[in-house]
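Below you'll find the structure, written out as structure tokens, and then a few comments.
Residue numbers (this note's numbering): 146 to 503.
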């Protein structure tokens, strides 16, 4: 539990977060959205929720498409994350800023994909998450670069330049963005790990529980994706992952690369009681397993965030618990809307939501 000074420090932040938390969709609203027939009926219901401003703004601008709605829902999650920073300072604020930058990272990868595909600047711009004026990158300059090499050059002076420069020759040799995107991911998530380790005491413990688990999950997912989807060698897989997170290390990643079953790895890392037996039973080593593995791990992360919201309130864990629940709710809404467009049944939609528990 935090001490008295910590309680004072987090009083204003907790009040802000509790207000934001109350705006998350309740079970009744989710039920109505899930059983709604079709995309347009779902949009009508969504308009009556806290996400109504996103829907209305896109309607008024004539841009209400699934793709634009997805981007702007993510933009709302990014804006709410900025709101949690209002009363923070020092290492805690730096940690939250670094975490916010994962939205910026997704946009940067989007720009690389657009330039690689020779898309027009306006087309690329519409693929990006709206982040307001918080980003320090020169997006207009990036959007108007006409080659991946010049785009890398435009990032001179940022902390992304060294890994991008090192990966550029592999891109030009193979003509795939894979090495550049890996370089961006590893650079960013090492920055996040460093921001966690810069904290002390209870703050560090809170962040390790809530964001540290995200690093663990990513490292395991990357290793299995590289093995199953890309058939990379064990050496390549170790090189293309984070060498150490809070619960994983190079030895564990090497065992994944050499064929370790997913269920065995999950039990080793988090214990048998962290998962429902049916979740573990559904995991094999086929390509179809990867989405199920991601779903299982994201549901675990959601349970961690829910516990943080239910515990002692005056701590960093409460802020992070809300932030994660907000972002996972956004991802669930995107899955729901995509399912409606594709005509999925109610049961199939529920199967792919992070909030759905067996």
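Note that the Cβ used here is the ideal one computed from N, Cα and C, for glycine as well.
Cβ-based neighbour list, residue i, same chain, cut-off 7 angstroms, excluding 5 preceding and 5 following
{"i": "residue 168", "result": "195"}
{"i": "residue 446", "result": "358, 359, 362 and 469"}
{"i": "residue 305", "result": "329 and 332"}
Residue-level contact to chain D via CB, residue i, 8 angstroms cutoff
{"i": "residue 382", "result": "No chain D appears in the structure shown, which is made up of a single protein chain."}
Rounded separation between residue i and residue j - CA only
{"i": "residue 230", "j": "residue 403", "result": "42 angstroms"}
{"i": "residue 297", "j": "residue 289", "result": "12 angstroms"}
{"i": "residue 197", "j": "residue 480", "result": "18 angstroms"}
{"i": "residue 112", "j": "residue 340", "result": "Given that the chain is displayed from residue 146 to residue 503, the structure contains no residue 112 and the question cannot be resolved."}
{"i": "residue 302", "j": "residue 468", "result": "30 angstroms"}
{"i": "residue 397", "j": "residue 215", "result": "35 angstroms"}
{"i": "residue 180", "j": "residue 491", "result": "6 angstroms"}
{"i": "residue 410", "j": "residue 421", "result": "15 angstroms"}
{"i": "residue 384", "j": "residue 408", "result": "23 angstroms"}
{"i": "residue 284", "j": "residue 256", "result": "9 angstroms"}
{"i": "residue 372", "j": "residue 495", "result": "28 angstroms"}
{"i": "residue 440", "j": "residue 264", "result": "32 angstroms"}
{"i": "residue 433", "j": "residue 425", "result": "14 angstroms"}
{"i": "residue 207", "j": "residue 242", "result": "32 angstroms"}
{"i": "residue 454", "j": "residue 429", "result": "33 angstroms"}
{"i": "residue 348", "j": "residue 244", "result": "15 angstroms"}
{"i": "residue 291", "j": "residue 307", "result": "21 angstroms"}
Cβ shell of residue i (< 8 angstroms), same chain only, five flanking positions each side left out
{"i": "residue 451", "result": "466 and 470"}
{"i": "residue 475", "result": "218, 219, 221 and 222"}
{"i": "residue 209", "result": "188, 200 and 203"}
Simplified DSSP state of residue i, which is helix, strand or coil
{"i": "residue 364", "result": "helix"}
{"i": "residue 500", "result": "coil"}
{"i": "residue 394", "result": "strand"}
{"i": "residue 389", "result": "strand"}
{"i": "residue 201", "result": "helix"}
{"i": "residue 403", "result": "coil"}
{"i": "residue 238", "result": "helix"}
{"i": "residue 286", "result": "helix"}
{"i": "residue 419", "result": "helix"}
{"i": "residue 257", "result": "helix"}
{"i": "residue 167", "result": "coil"}
{"i": "residue 428", "result": "coil"}
{"i": "residue 146", "result": "Its pLDDT being 47, under 50, residue 146 is placed unreliably in this model, and the coordinates cannot settle the point."}
{"i": "residue 345", "result": "coil"}
Start and end residues, alpha helix (DSSP H) containing residue i
{"i": "residue 330", "result": "323 to 342"}
{"i": "residue 266", "result": "266 to 270"}
{"i": "residue 314", "result": "306 to 319"}
{"i": "residue 190", "result": "184 to 191"}
{"i": "residue 477", "result": "461 to 486"}
{"i": "residue 434", "result": "434 to 455"}
{"i": "residue 301", "result": "From DSSP, residue 301 is part of no alpha helix (DSSP H); its letter is neither H nor E."}
{"i": "residue 206", "result": "Run containing residue 206: none; DSSP gives neither H nor E here."}
Proximity below 8 angstroms, CB of residue i to CB of residue j
{"i": "residue 509", "j": "residue 268", "result": "Because the chain is modelled from 146 through 503, residue 509 falls outside the range shown and cannot be assessed."}
{"i": "residue 279", "j": "residue 353", "result": "no"}
{"i": "residue 299", "j": "residue 313", "result": "no"}
{"i": "residue 379", "j": "residue 399", "result": "yes"}
{"i": "residue 324", "j": "residue 316", "result": "yes"}
{"i": "residue 240", "j": "residue 344", "result": "yes"}
{"i": "residue 356", "j": "residue 337", "result": "yes"}
{"i": "residue 155", "j": "residue 460", "result": "yes"}
{"i": "residue 435", "j": "residue 374", "result": "yes"}
{"i": "residue 499", "j": "residue 437", "result": "no"}
{"i": "residue 326", "j": "residue 254", "result": "yes"}
Contacts around residue i, its chain only, beta-carbon distance under 6 angstroms, and the 5 residues preceding and following it disregarded
{"i": "residue 486", "result": "184 and 211"}
{"i": "residue 390", "result": "360, 361 and 364"}
{"i": "residue 252", "result": "273 and 274"}
{"i": "residue 458", "result": "159"}
{"i": "residue 213", "result": "203"}
{"i": "residue 261", "result": "293 and 322"}
{"i": "residue 249", "result": "280"}
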